[in-house]
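Counting from -1, one number per residue, gives the positions in the sequence shown under the working numbering.
Just so you know, even glycine gets a beta-carbon here, dropped at the ideal spot from N, CA and C.
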Amino acid sequence: MQTNERVPELEAAGKPSWFRDIRVLRAIAQVGIVVAVVAVVAFFIGNMVTNMRRQGINIGFDYLSQPAEFSIPGSGFDRTGTRLEAILVGVGNTIRVAILGIVFATILGGLLGMARLSKNWLVSTGARLYVEFFRNIPLLVIIIFAYLVVFLRLGPIEDAREPLGLAIVYVRGLFLPWYESESNFGLYVLILVIGMIAGVLAGRWRQQSHDRTGVPARSLLWGASAFGVIAIVGYFALGGPVSITVPAFEGKLVVGGIRISPEYAALLVSLVLYTASHIGEITRASIQSVSKGQQEAATAIALSPLQRIRYVIMPQALRVAIPPLANQYLSITKNSSLAVAVSYFEVTKITNDIIGNGGPAPQAYVLLMFIYLILSLMIAALTNFMNRRLALVER
């Protein structure tokens, strides 16, 4: 006859001692590692603070409220501004380079990756040579070459070029068309946001209609049309809240448009050309990771080439591409610090100038590391969100 009674002696014999329990040992090991890391960090920080006090160096951050004693070209920041304000200007310049670098490098890298897979020998070979050339040259060399050999050799103002009458190019920089906003520009931005929401909703509506009826969705066309109609109607309803200005000469001065300094242009172009070579390989490998059976199945159900790329290849390739792309986006942000070689006033250059004007180096570099840490964590959080959105949902 079976019984459900428990035998305490057997249970006690089957349960290991706490010093043999793998879960307890893992917890002890993790706590020990954390304690060791904290102790090492505390030792180095304490050693640094002791040496700074011994040399009479202030360990606080009150130096940030002192005058910077240098100006930042193209920003309106002068010598009377505080060091904290200068750092904020540098952070803005770093973000400006990083965002445009990420956008342009992604576009160029995507095109290179698809060109590598082209059946046209000339296209695929040209893309491969591009990738091998830029990927095997140090980024710093590319930046210095672009600055000294390209942008500083554009010629004086007398030899300025005006391509299509829309831009002005000479040694002082690139002057490009830009916009001028009126007082009601903020309201127009709100209208554009509403237009974007309407475009997304229109695209989803067409996709749902396609799922029910089988009629071609053309969700991109419908979404873009909805956004365009709202943007155009809002523009005329507000009486033109924004206008485009084209650079033009007034004597020896250039008025209108926006100026891109040679330092900024050299840094941005170099970051894009260098990083695009790596993104191109990521794109190529991601597309090749999609099995040929998937592509053959898409062809068998009569999907067009664009539909195969949009609905079959890219959704699967992006799942592979997002993690390495995140590393490249982080590299663009951190590699912007190489702008010190061409004296572009991003946050690292400004930090070095603060130290050169008597600012404390330990606090300045700790703050600099903290700034890059925050920027990197923001990019990582965004790419991780995209990675989770694209992940397969398992049952």
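Assigned with DSSP and collapsed to three states, LEU172 falls in strand. Residue environment: LYS347 is assigned as buried (16 or more neighbouring CB atoms within 10 Å of its CB, all protein chains considered). Selection LEU174, ALA300, GLN292, ILE320 evaluated against VAL310 yields GLN292 as nearest (Cα-Cα). For VAL36, the uninterrupted alpha helix (DSSP H) segment begins and ends at 20 to 52. Here the alpha carbons of ALA264 and ALA274 stand approximately 15 angstroms from one another.
Apart from the 5 residues on each side of it in sequence, PRO358 sits with its Cβ closer than 7 angstroms to the Cβ of ILE55, ASN56, TYR61 in its chain, given in chain order. Between the alpha carbons of ALA144 and ALA379 lies a gap of roughly 32 angstroms. Taking C-beta atoms as the reference points, TYR342 and SER259 count as a pair closer than 9 angstroms. For ALA339, same chain residues with a beta-carbon under 7 angstroms away, outside a window of 5 residues either side, are LEU138, ILE141, ILE142 in chain order.
In this structure, LEU110 and GLY278 form a Cβ contact; the two beta carbons are roughly 3 angstroms apart against a cut-off of 8 angstroms. Less than 9 angstroms separates the beta-carbon of THR331 from that of ALA96.
For LEU373 and ILE280, the gap between their C-alpha atoms comes out near 23 angstroms. Between PHE132 and LEU271, the C-beta spacing is below 9 angstroms. Three or more beta-carbon pairs separated by less than 8 angstroms link the stretch 316 to 325 to the stretch 382 to 391, which places the two stretches in contact. With contacts defined by Cβ atoms closer than 9 angstroms, ILE155 and TYR168 form a contacting pair. In terms of Cβ geometry, HIS208 and ALA200 do not form a close pair [threshold 9 angstroms]. Between ILE256 and PHE173, the gap from beta carbon to beta carbon is short of 9 angstroms. Following the DSSP letters along the chain, one finds GLU294 in no beta strand (DSSP E) but inside the alpha helix (DSSP H) bounded by residues 290 to 298. By the neighbour-count criterion, in which a residue is buried when 16 or more other Cβ atoms sit within 10 angstroms of its Cβ, THR297 is exposed. Secondary structure at THR331: helix, using DSSP grouped into helix, strand and coil. Shown here, ARG159 sits in a strand according to DSSP, grouped into three states. If you look at THR349, you'll find it in the alpha helix (DSSP H) that goes 345 to 354.
In the displayed model, SER179 falls within a strand according to three-state DSSP. Judged by DSSP secondary structure, SER69 falls outside any alpha helix (DSSP H); it is assigned neither H nor E. Within the same chain, Cβ atoms closer than 6 angstroms to the Cβ of SER63 are found at THR80, the five residues on either side in sequence being excluded. Judged by their CB atoms, VAL345 and THR78 are not nearer to each other than the 9 angstroms cut-off.
About 4 angstroms separates the CB atoms of ALA66 and ALA84; that is less than 8 angstroms, so the two are in contact. Taking a C-beta distance under 9 angstroms as the contact criterion, VAL240 and ALA246 do not qualify as a contact pair. When DSSP reads this structure, THR243 sits in a beta bridge with TRP176. In the three-state scheme derived from DSSP, where H, G and I count as helix and E and B as strand, LEU251 is classed as strand. Put simply, the backbone Cα of ALA158 is about 28 angstroms away from that of SER179. Counting along the chain, ILE256 sits inside the beta strand (DSSP E) bounded by residues 256 to 258. In the displayed model, THR123 falls within a helix according to three-state DSSP. If you check the CB distance, LEU115 and ILE285 come in under 9 angstroms. With a contact defined as Cβ atoms closer than 8 angstroms, ASN333 and LEU269 qualify at about 6 angstroms. Collapsing the DSSP output to three states places THR78 in coil.
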